[in-house]
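Take a look at the structure set out below.
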Amino acid sequence: MPFNCCSSRFIIIRITIEGIALVIAVDTDINDAQMLGIQSVPTFVVNCEFGVSGAQKEEYFLNMLHDTYNKMHPTKLNITDDGSACGPDGCDI
Numbered sequence: 044m045p046f047n048c049c050s051s052r053f054i055i056i057r058i059t060i061e062g063i064a065l066v067i068a069v070d071t072d073i074n075d076a077q078m079l080g081i082q083s084v085p086t087f088v089v090n091c092e093f094g095v096s097g098a099q100k101e102e103y104f105l106n107m108l109h110d111t112y113n114k115m116h117p118t119k120l121n122i123t124d125d126g127s128a129c130g131p132d133g134c135d136i
């Protein structure tokens, strides 16, 4: 009997596998939420550090996203060379 991807057996197996994957994904999300101490919906979590519970104004979300980005990408120092630095032999005074 040739393989038929449209057979009812194949469709049932595919639906079962997709259903199991969905259950695993939902269980993982629930466990993650419990570990983060989330107890209400909706709760939005960014980078597993910042969270917003409930319906909030757009500005609140934007501030959270800016804070998260700034924490993940700190500003690098701009070092200038004006000749006033000490070298391995000390400083010129």
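Counting from 44, one number per residue, gives the positions in the sequence shown under this note's numbering. We put the CB at the ideal spot given by N, CA and C, even for glycine. Remember, predicted model here, so these are calculated numbers, not experimental data.
Residue range 101–115 is occupied by the alpha helix (DSSP H) that includes T111. For G80, the three-state secondary structure derived from DSSP is coil. M107 sits buried, since 16 or more C-beta atoms from the chains shown fall within 10 Å of its C-beta. Under the Cβ criterion (8 Å, minimum of three pairs), the stretch 65–81 does not count as touching the stretch 97–111.
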